[in-house]
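Structure record follows, encoded as structure tokens.
Number of protein chains: 2
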Amino acid sequence: MPTTSLIPPSASLETDSCDTAHAGDPAVLADVAGRLLDDRTVQAVADVFKLLGDPTRVRLVDALSHGERCVCDLAALVKLSESAVSHQLRLLRSARLVRVRRTGRQAFYALDDHHVLGLVHDTRRHVEEGER
Amino acid sequence: MPTTSLIPPSASLETDSCDTAHAGDPAVLADVAGRLLDDRTVQAVADVFKLLGDPTRVRLVDALSHGERCVCDLAALVKLSESAVSHQLRLLRSARLVRVRRTGRQAFYALDDHHVLGLVHDTRRHVEEGER
DNA sequence: AGAATATATGAATAGTTGCTCAGATATCAA
DNA sequence: TTGATATCTGAGCAACTATTCATATATTCT
């Protein structure tokens, strides 16, 4: 069920939207407005998606889905410099999507979030479903 | 189960990674490399996330989750110009995340993808779980 | 101690993105 | 037709991003 509102989508007659001051049926619109996600949540959600919205970071998450890896192995897997990988891992780490375990001079990164893999898998299924 | 590989994550001894030419245990690394998502999939997945990685577009998807809406109502809901909203809707539309239904001079947009709401909901739950 | 290795970090830069503004298109109303 | 409304589109610009390069830090080996 895509609609949670009790009031039907586009009001009674769909011709009474968008006159002066750009107001649709005020009652319906106010109802929807009251149900919108708050700014903080919207920003937080967008931030997570933005982090996953880069091929390099998707590759890193994908690589880490097979177990923890050190920076230089990750660099080899995603075919980028260790510096570039380190920069990206820092972003993922500051959002707690990955965590580090340091041993000697090596840093082993691992996924630190049971949701992230799910998101990537869902999206993967979605794009594979869409190409036809 | 986060790990799909049959070969354990960091090889037998975790000290045999990253010598010359940045190769960890070649066997393990090659195994992981062979399981990585291909470039096309990675790019497609990142593209979807990138699309959702913007507060305005998250707001639009959220607003549309309560039913179809015309451009100017959406503009009022997300508090942006109709031009800005139209630009963003075009991006969402070209990725088939939303669809249009034109009636007279109005354009009613609706979610065109049963996965997208799920992604937003999952991520919302994730960020709300993370703040504590 | 000194050299080599693994990672991290800051600055610089090329590329991208999201908005505004002005104008185009299309529909409806008088 | 003329004017108003709803949406779309292109150009321009300020802000952001991902990489590279040079360098710093920290650890191990000889």
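Chains A and B, in that order, give the protein sequences.
Quick note, the first sequence lines up with residues 162 to 293 if you use this note's numbering.
Quick note, the second sequence lines up with residues 162 to 293 if you use this note's numbering.
Cβ atoms here follow ideal geometry from the backbone N, Cα and C, with glycine treated the same way.
Computed from a predicted model, the values in this text were never measured in an experiment.
Please list the terminal residues of the continuous beta strand (DSSP E) segment that includes residue i.
i, result
"A268/B", "267-272"
"R263/A", "259-264"
Assign residue i to buried or exposed, taking buried as 16 or more other Cβ atoms, counted over all protein chains shown, within 10 Å of its Cβ.
i, result
"D294/B", "The structure shown does not extend to residue 294/B, since chain B is modelled only from 162 to 293, so the question has no answer here."
"G228/B", "buried"
"A182/A", "Only weak support is given to the placement of A182/A: the predicted model assigns it a pLDDT of 48, under 50, and the value that follows is read from those uncertain coordinates. By the 10 Å Cβ count, A182/A comes out exposed."
"R230/A", "buried"
"G291/A", "exposed"
"S226/B", "buried"
"L167/A", "Since pLDDT at L167/A reaches only 41, below the 50 mark, its modelled position is unreliable, and the value read off the structure follows with that caveat. L167/A is exposed by the Cβ-count criterion."
"G214/A", "buried"
How about residue i and residue j: are their beta carbons less than 8 angstroms apart?
i, j, result
"V203/A", "R220/B", "yes"
"L280/B", "L280/A", "yes"
"R254/A", "A271/A", "no"
"L241/B", "L212/B", "no"
Over what stretch of residues does the alpha helix (DSSP H) that includes residue i continue unbroken?
i, result
"A237/A", "232-239"
"A207/A", "200-213"
"A245/B", "243-255"
"D186/A", "Where D186/A is concerned, there is no enclosing alpha helix (DSSP H), given that its DSSP letter is neither H nor E."
"H227/B", "Here H227/B belongs to no alpha helix (DSSP H), and DSSP marks it neither H nor E."
Just to check my reading of the structure: residue i and residue j have Cβ atoms closer than 8 angstroms, yes? What is that Cβ distance to the nearest angstrom?
i, j, result
"V277/A", "V206/B", "The pair is not a contact, with the Cβ atoms about 12 angstroms apart (cut-off 8 angstroms)."
"E249/B", "R218/B", "The displayed chain sequence assigns Gln, not Glu, to residue 249/B. Their Cβ separation, rounded to whole angstroms, is 6 angstroms, which keeps Q249/B and R218/B in contact under 8 angstroms."
"A194/B", "L238/A", "6 angstroms"
By the 7 angstroms beta-carbon criterion, what residues does the region 184-214 of chain A contribute toward chain B?
So the close ones are A184, G185, L190, V193, A194, R196, L197, L198, T202, V203, Q204, A205, V206, A207, V209, F210, K211, L213, G214.
For the region 226-239 of chain B, enumerate the residues whose C-beta is nearer than 9 angstroms to any C-beta of chain A, in chain order.
Per Cβ criterion, the list reads S226, H227, G228, E229, R230, C231, V232, C233, D234, A236, A237, L238, V239.
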